[in-house]
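Which chain is which? The protein sequence lines are F and G, in order. Reminder that position 167 of the first sequence reads as 192 in the numbering used here, one-by-one numbering, no gaps. Reminder that position 61 of the second sequence reads as 86 in the numbering used here, one-by-one numbering, no gaps.
Number of protein chains: 2
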Amino acid sequence: MSSPSLLQQLTTALRCLPGVGAKSAQRMAYYLLERDRDGGRDLAKVLAEAMDRIGHCSRCRTLSETALCRLCANPHRDRSLLCIVETPADQSIIEQAIDYSGSYFVLGGHLSPLDGIGPKEIGLKQLDECFAEGMVKEIILATNPTVEGEATAQYIHDMAKARGIKTTRIAQGVPMGGELEYVDGATLAHAFRGRSEF
Amino acid sequence: MSSPSLLQQLTTALRCLPGVGAKSAQRMAYYLLERDRDGGRDLAKVLAEAMDRIGHCSRCRTLSETALCRLCANPHRDRSLLCIVETPADQSIIEQAIDYSGSYFVLGGHLSPLDGIGPKEIGLKQLDECFAEGMVKEIILATNPTVEGEATAQYIHDMAKARGIKTTRIAQGVPMGGELEYVDGATLAHAFRGRSEF
Numbered sequence: 026m027s028s029p030s031l032l033q034q035l036t037t038a039l040r041c042l043p044g045v046g047a048k049s050a051q052r053m054a055y056y057l058l059e060r061d062r063d064g065g066r067d068l069a070k071v072l073a074e075a076m077d078r079i080g081h082c083s084r085c086r087t088l089s090e091t092a093l094c095r096l097c098a099n100p101h102r103d104r105s106l107l108c109i110v111e112t113p114a115d116q117s118i119i120e121q122a123i124d125y126s127g128s129y130f131v132l133g134g135h136l137s138p139l140d141g142i143g144p145k146e147i148g149l150k151q152l153d154e155c156f157a158e159g160m161v162k163e164i165i166l167a168t169n170p171t172v173e174g175e176a177t178a179q180y181i182h183d184m185a186k187a188r189g190i191k192t193t194r195i196a197q198g199v200p201m202g203g204e205l206e207y208v209d210g211a212t213l214a215h216a217f218r219g220r221s222e223f
Numbered sequence: 026m027s028s029p030s031l032l033q034q035l036t037t038a039l040r041c042l043p044g045v046g047a048k049s050a051q052r053m054a055y056y057l058l059e060r061d062r063d064g065g066r067d068l069a070k071v072l073a074e075a076m077d078r079i080g081h082c083s084r085c086r087t088l089s090e091t092a093l094c095r096l097c098a099n100p101h102r103d104r105s106l107l108c109i110v111e112t113p114a115d116q117s118i119i120e121q122a123i124d125y126s127g128s129y130f131v132l133g134g135h136l137s138p139l140d141g142i143g144p145k146e147i148g149l150k151q152l153d154e155c156f157a158e159g160m161v162k163e164i165i166l167a168t169n170p171t172v173e174g175e176a177t178a179q180y181i182h183d184m185a186k187a188r189g190i191k192t193t194r195i196a197q198g199v200p201m202g203g204e205l206e207y208v209d210g211a212t213l214a215h216a217f218r219g220r221s222e223f
C-alpha cells in the first residue's frame, strides 16, 4: 500500500471530532476543499492556537487562555458563594441559563476510583486550600445527578463540613415542561422524597 | 463587548463544517480541549496542509495534491472509457463500490445558468479538447439523476455525438431525485451494468 493521500489523512484526522464517523468526515473534507477553503484555513489556524494556548484557570480550573479566567478576574463576582461543577461545559450552561453572580470551581470530572481518578485528579486538594482561605461561606454542589456525581458531591460535602462551610445541592426532580408519564422511576422517587411545602 | 475568547473563536470556526451547529461546535471544542489535544493539533496541521496543497488534477479535474492524480497517472487505467461525474465524492464512491477500470472526468458541479454556472465553469471546454484527442471511445454519463444532472448529461451527449463518441448513461436504477454520494454500492453497480445507449 502506498502512503495515504493528504485527502485520506484529512478524512482520518476529522474523525477525532466527537460524533463524526467515516462518512461525515469524508463529507466534511470534500465540503471544505470544494466550497470553503477559507473557512478550513481559518479553522486550522484557530484550532492550532487554541490547542496550544488554552490552559486552565489557576483559581477555578476552567479552560482559560489567561492565568486567571475572566470570571475569576471579575471583581464583581461574589467569592463567598462557590458553585462546583464537573466540566467547563457545565459552567458555561449555568452562566448562560441563570443569573448567578457567585464564582465557580471546575473539577474536570468526577471521582471514579476504578479509572484511577481520585480526589487529587479532580483538584480537591486545591479546593480544600481554597476552603482554608476562609472566604467561601457556601458551596453549591452542581455535579451531575449520576452515581459518580453523587459520590463526588458527598465527598466534597464532607470536606466542606470539616471547614464549617454550608453546603447546598441543586434540586433534583421532575424537569420543567416535562410530563410525569415519561419521567423515569428514579427521578420520580427522588422528586417525591424531595417534595417541599406548596 | 470585549473581543471573543479563543474558545469562542474555536466554537465559531468549527461551525464552518457542514452539519455542525452551535451546540455541536461547543461540544467539539470542549472535547478536543479536555480529552484530545493531540488529535486537535494533528487535525489543525493536516487541515492547513490540505487547504493549501490539494488542488485539481490537470487531466480529470478531481481533487489531487499532485499535478496528475493517482488514477490519471496509472498506466493500467483504460483511457478509451471515460466516466463523467459531478464531484470528486461521486468519483470516490464509484471507485469504492465497483470494479471500474476506465478513467474519469470530474465536472465539479452541473450546468445551472441561473447561478451563472455554464459549460466553461464545469470544464466542458477542457472535456471537448480531451474528446478531440481521439483517445476516448465511450463516455459513461454518471451525473446525478436530477433535473440539472440530466440537462448536463444531455449537453455533454451532444458534444460527444459531434465528435462521433459513443455515449452511455448509468441506468435509472438510481432513485430519481437522489444523489450519487448517498447511494449504496449494490444499486450503483447495477446502474453501471445496466447502462444504455444515450
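Backbone N, C-alpha and C define an ideal beta-carbon position, used for all residues, glycine too.
DSSP beta-bridge partners for residue i?
i: F:T166; result: Just to set this straight, residue 166 of chain F is Leu in the shown sequence, not Thr. F:L166 is bridged to F:I109 and F:R194.
i: G:E222; result: G:T193
i: F:F130; result: F:I109
i: G:I142; result: G:S137
i: F:D103; result: F:G127
i: G:S89; result: G:G80
So residue i contacts chain G; which residues on that side make the cut at Cβ distance below 7 angstroms?
i: F:L68; result: A38, L39, C41 and L72
i: F:Y56; result: P43
i: F:D61; result: C41
Hey, how far is the Cα of residue i from the Cα of residue j?
i: F:M26; j: F:K48; result: Because F:M26 sits at a pLDDT of 47, beneath the cut-off of 50, its placement in the model cannot be relied upon, and the following sentence gives the value as read from the coordinates. Going by the C-alpha atoms only, they are around 22 angstroms apart.
i: G:A38; j: F:A187; result: 46 angstroms
i: G:L166; j: G:P200; result: 16 angstroms
i: G:A178; j: G:D153; result: 14 angstroms
i: F:A73; j: F:L31; result: 18 angstroms
i: F:R66; j: G:Q34; result: 13 angstroms
i: F:D115; j: G:P113; result: 41 angstroms
i: F:R84; j: F:F130; result: 8 angstroms
i: F:G173; j: G:Y125; result: Here residue 173 of chain F turns out to be Glu, not Gly, going by the sequence shown. C-alpha separation (whole angstroms): 54 angstroms.
i: G:P43; j: F:D140; result: 35 angstroms
i: G:A98; j: F:C94; result: 54 angstroms
i: F:I142; j: F:L132; result: 11 angstroms
i: F:E206; j: F:R218; result: 18 angstroms
i: G:R40; j: G:G210; result: 31 angstroms
i: F:N169; j: G:L68; result: 31 angstroms
i: G:G46; j: F:I164; result: 34 angstroms
i: F:G159; j: G:L58; result: 32 angstroms
Specify, as a first and last residue, the run of the alpha helix (DSSP H) that residue i falls within.
i: G:L68; result: R62 to R78
i: F:T37; result: L31 to L39
i: F:D153; result: L149 to A157
i: F:Y180; result: V172 to A187
i: F:C97; result: R95 to A98
Strictly below 9 angstroms CB to CB, what residues from chain G border residue i?
i: F:E111; result: Within 9 angstroms Cβ-Cβ: nothing; F:E111 doesn't reach chain G, min ~11 angstroms.
i: F:R78; result: L31
List the residues of chain G that residue i touches, going by C-beta distances under 8 angstroms, in chain order.
i: F:R52; result: P43, G44, A114 and E206
Could you tell me whether any Cβ in chain C is nearer than 7 angstroms to the Cβ of residue i?
i: G:A75; result: No chain C appears in this structure, whose protein chains are F and G.
So which residues on chain F does residue i lean against when the C-beta distance must stay under 9 angstroms?
i: G:R84; result: Ordered by position in chain F, no residue passes the 9 angstroms Cβ test against G:R84, which lies about 17 angstroms from the chain.
i: G:S137; result: Going along chain F, no residue has its Cβ under 9 angstroms from G:S137, so there is no contact; the nearest lies around 14 angstroms.
Mind pulling the chain F residues with CB within less than 8 angstroms of residue i?
i: G:S49; result: G44
i: G:E90; result: S30, L31 and L32
At a CB-CB cut-off below 7 angstroms, which residues of chain F make contact with residue i?
i: G:L35; result: V71, L72 and A75
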